[in-house]
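A short worksheet on the structure shown next.
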Amino acid sequence: MASSRKITLRSSDGESFEVEEAVAVESQTIKHMIEDDCADNAIPLPNVTSKILAKVIEYCKKHVDASKAEDRVNDEDLKAWDAAFIKVDQVDQATLFDLILAANYLNIKSLLDLTCQTVADMIKGNLFPVRNEWLNFTFSIANRELVLVCLTEWVAHRRLFCS
Amino acid sequence: MELESVGDLALHIILTKLGPENVCRAACVNKKLRLSASEDTVWSRFCLQELDLSAPLGPQGDPLPSFKAAYQKWREAFCMYPWPLVRRVKRCWDRLQGWLSMNFPEAAATLRKGASEADIQELESVLRVKLPLPTRILYRFHDGQEFADSDFTKSTLGGSLGIIGGYCFYDHLVNVNLLPLSQVILETNHIIRHLGFSSRSNYIVVAASCTSGEKLFFLNCRHGQLHVGTRNLPTDGEMMPCVPNALISSVHDRNADLQQDAMLLWLEEHGRRLQSGMIKLREEGGVRSICQFPEEPALCSTAITNGVRTREAKDDKDSKAETCASVEIIRASAVFVPEHSDLQDESNRYLFSYSIRMSLIPEGCMANGMPYNYCQLHLRHWIIRDNDVIVSNVNGEAVIGKFPLLHSGGKEFVYQSCTNLQSSRGSIEGAFTFVPGRLADPKGGPFSVQVAQFPVQLPDYVF
Chain B
1 MASSRKITLR SSDGESFEVE EAVAVESQTI KHMIEDDCAD NAIPLPNVTS
51 KILAKVIEYC KKHVDASKAE DRVNDEDLKA WDAAFIKVDQ VDQATLFDLI
101 LAANYLNIKS LLDLTCQTVA DMIKGNLFPV RNEWLNFTFS IANRELVLVC
151 LTEWVAHRRL FCS
Chain G
1 MELESVGDLA LHIILTKLGP ENVCRAACVN KKLRLSASED TVWSRFCLQE
51 LDLSAPLGPQ GDPLPSFKAA YQKWREAFCM YPWPLVRRVK RCWDRLQGWL
101 SMNFPEAAAT LRKGASEADI QELESVLRVK LPLPTRILYR FHDGQEFADS
151 DFTKSTLGGS LGIIGGYCFY DHLVNVNLLP LSQVILETNH IIRHLGFSSR
201 SNYIVVAASC TSGEKLFFLN CRHGQLHVGT RNLPTDGEMM PCVPNALISS
251 VHDRNADLQQ DAMLLWLEEH GRRLQSGMIK LREEGGVRSI CQFPEEPALC
301 STAITNGVRT REAKDDKDSK AETCASVEII RASAVFVPEH SDLQDESNRY
351 LFSYSIRMSL IPEGCMANGM PYNYCQLHLR HWIIRDNDVI VSNVNGEAVI
401 GKFPLLHSGG KEFVYQSCTN LQSSRGSIEG AFTFVPGRLA DPKGGPFSVQ
451 VAQFPVQLPD YVF
């Protein structure tokens, strides 16, 4: 297997991206396609737009470079890069969701993990917009009791939040 | 674009990253989220992460229909306590029970199931104390130990199934077990009257040795420290702390970040020692018990002496000398004996017991076709240091009045003795003189076997 072989990926909107094989196989989906010999021509990715595919490639490239022996980036620096990559004011919510879908479709575990963690953090921070409304939880009862109530009386809270 | 549009797999990952409390809050948002949040795969993850449960079991070990139901039951059962503290107490008991089930199942069987909140409240009102939070939770998991009458007939002097265990030297036998709440009440009332503690005392008896050597552990409910009675307990109520004071914090404050009392720290340390093999089971006379003499370095020393002895072959015409090699291994360690220590005695304040184990290992030794397969102890040389000053340097015969005969490849000969120290740290080292064969019929000249220096010091945690 030639180490510097180039693979062409085609986005849903027809744009072609040439990447090194090592970067492309960060995606398990693409890796299996190559192993099944479907990669002689460009690999079509009908579920991923060029905007998103560019970002995915940027992520994979950084992670492949980081693990190379000569250029070994330490874990702290890589985490910082990931944080900057996914920063909320740089990546709008729609892009974040599209990244999740792409990471899922392309089967890139670390990117899926990073994007899901970001969404989880947003929910935790109560910043998450649902149905285009900023949802601001203000609980008048103690958190501990809320857990019990939630667990036993899901319905009661439906009255507080429209479903 | 809505959260649900990320797809089921991503939603599942997001939910597991949220943690149980936040999943409940997210479930209040809309129907789809509530549905995703109810999936049992999410809750099986939480049960595993938070409670180390791989099956949906409730707090009493009762099987439940789903992980979500199990998690709910656990949270409801312990809703009056800070959840991280409940998880920590569970880990502590899991470790102890795990070790006991694997190594000492007879003792594991004596652990009673958890006390109820009502049981705890009854104790608090009868004894007029307020139990520290960690101790309350510890009793909610297991209400001490319970022994059947048959547990006592096996051993000569009393119980051997205490999960704290103990030691034995001369005729002083100690085996500490944890008392159930009902016995805590009885013992505490008895002691308070007996020792003349004020009736508003904050001390309760939580652990005791029911054998010939009386050893009592008291929990101070106000400060959360555990104390053990010394020799002067009956006369002066004298006790010593069992856990470093600095570690105890916020024992009554539900809102603090970290609550730890001496009971929890003590049991956690005990669990660590059992698991690391620092202390082990010992069997004596067919009876097994947890022994408090350390078994691992640096508290237990091991000296291996390679003895090479030559012996003139008397019966052969060419009087060829024959050499044989054997290996003596002597292991030694000490334990602090608080119940016989007298903190008011300037020169003999602390009592320690030490245990010496000796064995003979064959290394292919033949003489006249007869293997050297035993040797006997004759003399002992002991050097005791107290705070690096030699306070005792004795030569004498025998050990505890015995001249043990070691068989090659046979069982370890173990004996215990004791010594007093004025300061809190010292050491003991020495050497034994053996003869090959028997003292009455030696097969060669005497040889010296080293006892490597072992520490004799007041420990951080007193058991």
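Heads up: the sequence lines are chains B and G, in that order.
Those letters in the first sequence? Residues 1 to 163, by the UniProt record's numbering.
Those letters in the second sequence? Residues 1 to 463, by the UniProt record's numbering.
Ideal placement from N, C-alpha and C gives every residue a C-beta, glycine not left out.
A Cβ-Cβ contact shorter than 9 Å links G/D261 with G/P134. If you compare the alpha carbons of G/G409, G/C28, G/L377, G/N395 with that of G/K402, the shortest gap goes to G/L377.
Within chain B, the C-beta atoms nearer than 7 Å to that of G/K17 come from C116, Q117, A120, in chain order.
A contact between stretches requires three or more CB pairs, one per stretch, nearer than 8 Å, and the segment 389–406 of chain G fails this requirement with the segment 142–151 of chain G. The Cβ-Cβ distance between G/L3 and B/V48 does not fall below 9 Å. Chain order gives the chain G residues near B/I100 as V6, G7, A10, where near means a beta carbon separation below 8 Å.
The beta carbon of B/T8 sits closer than 6 Å to the beta carbons of S16, E18, A42 from its chain, once the five residues preceding and following it are set aside; these are given in chain order. For G/L131, there is no enclosing beta strand (DSSP E), as DSSP marks it with neither H nor E.
For G/T433, the beta-bridge partners assigned by DSSP are G/L379, G/S448.
Scanning B/S12, B/S11, B/G14, B/E21 for the CA closest to the CA of B/R5 turns up B/E21. Rounded to whole angstroms, the separation of the alpha carbons of G/P436 and G/M263 is 50 Å. Looking at the DSSP output, G/C291 shares a beta bridge with G/G166, G/K280. Taking the C-beta atoms as reference points, G/P244 is found nearer than 9 Å to G/Y461. Taking a contact as a CB-CB distance under 8 Å, the pair G/L179 and G/A208 counts as one, their CB atoms being some 6 Å apart. Distance from the Cα of G/N420 is smallest, within the candidate group G/Q457, G/T433, G/P446, for G/Q457. In this structure, the alpha-carbon of G/T188 lies about 15 Å from that of G/N177. One thing to note: G/H381 has its Cβ no nearer than 9 Å to the Cβ of G/V399.
Taken through DSSP and simplified to helix, strand or coil, G/G396 comes out as strand.
Selection G/L258, G/S359, G/L379 evaluated against G/P82 yields G/L258 as nearest (Cα-Cα). G/V327 and G/I361 have their C-alpha atoms roughly 5 Å apart. Per the Cβ contact rule, the segment 230–242 of chain G is in contact with the segment 338–352 of chain G (3 or more Cβ pairs under 8 Å). The Cβ-Cβ distance between G/H227 and G/P241 falls below 9 Å. In the three-state scheme derived from DSSP, where H, G and I count as helix and E and B as strand, G/N245 is classed as helix. Annotated as distal: G/N30 and B/K124, with beta-carbon spacing of 9 Å or more.
Cβ proximity to chain B below 7 Å picks out nothing from the UniProt domain "ApaG" (322–463) of chain G. Per DSSP, reduced to three states, the secondary structure at G/V6 is helical.
Residue range 413–421 is occupied by the beta strand (DSSP E) that includes G/S417. Residue-level contact by beta carbon holds for G/I13 and chain B, with a gap shorter than 9 Å.
Among the residues facing chain G, B/D113 is included, as its CB has a counterpart in that chain under 9 Å away. Distance from the Cα of B/V23 is smallest, within the candidate group B/I52, B/S50, B/E58, for B/E58. In the structure shown, the three-state DSSP call for G/V29 is coil. Ranked by how close their Cα comes to the Cα of G/G409, the residues G/D386, G/Y374, G/L379 have G/Y374 in first place. G/L299 is a Cβ neighbour of G/F454, given a cutoff of 9 Å. Only residues of its own chain outside the window of five on either side were considered, and among them V174, E284, Q416 have a CB closer than 8 Å to the CB of G/C168, listed in chain order. According to DSSP, G/M80 shares a beta bridge with no other residue. Looking at the backbone, the Cα of G/E296 and that of G/E397 are separated by about 28 Å.
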